[in-house]
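Numbering (my numbering), first residue to last: 907 to 1036. All residues carry an ideal CB built from backbone N, CA and C; glycine is no exception. Have a look at the structure below before the remarks.
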């Protein structure tokens, strides 16, 4: 005769076999009331509330238009690759691909300033003045 092993779970002491999950209670409170998820998870699950940074204004990204003709000329004169240019600006290749493909565009101001600094240019020299 074969022995059939039976799997027995010891993770639950509840006679009904249902393990209560307090996360579901937190979700129900969130849905049914106007409480924030942060407060509800703190109450039910004990997760710490993340404090919001004080004294910090909302971060807005400022884009500037780039003089692509001048940038292309400098790229060819200094023999800089697209990947090296992206590395100098601290960004990915996509913004430069988009600039050179459309012959116009804009880029984050911080990235443009870093690029100007690494290419030994004056501040604002690569900006397109309308």
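DSSP three-state assignment for residue 1012, whether helix, strand or coil: Strand.
Proximity winner among 950, 972 and 983, relative to residue 1001 (alpha-carbon distances): Looking at the Cα atoms, 972 is the closest of the given residues.
If contacts are defined as beta-carbon pairs under 8 Å, then residue 989 and residue 999 qualify, I think. What distance do you get, rounded to the angstrom? Taking the Cβ atoms as the reference, residue 989 lies roughly 6 Å from residue 999, within the contact range of under 8 Å.
Considering only residues of the same chain and omitting the five flanking positions on each side of residue 1005, which have a CB-CB separation below 8 Å? Beyond the five residues adjoining it in sequence on each side, residue 1005 comes within less than 8 Å, by CB distance, of 972, 974, 977, 1011 and 1013 in the same chain, given in chain order.
On a Cα-Cα basis, can you pick out the residue from 969, 991 and 951 that is closest to residue 1030? Relative to the Cα of residue 1030, the nearest Cα in the group 969, 991 and 951 belongs to 969.
Cβ neighbour criterion (16 or more within 10 Å) applied to residue 983: Only exposed fits residue 983, as fewer than 16 other CB atoms lie within 10 angstroms of its CB.
Residues sharing a beta bridge with residue 972, DSSP: Note: residue 972 sits in a beta bridge opposite 1033.
CB-CB length for residue 1021 against residue 994, believed under 8 Å: Contact annotation, residue 1021 with residue 994: C-beta distance approximately 5 Å; criterion of less than 8 Å satisfied.
Cutoff 6 Å; reference residue 953; Cβ partners in own chain excluding five residues on either side: For residue 953, where only same-chain residues beyond five positions count, the Cβ hits under 6 Å are 947.
How about residue 982: is its Cβ closer than 8 Å to a heavy atom in the ligand FAD? By its list of ligands, the structure shown contains no ligand whatsoever, and the ligand FAD lies outside what it can speak to.
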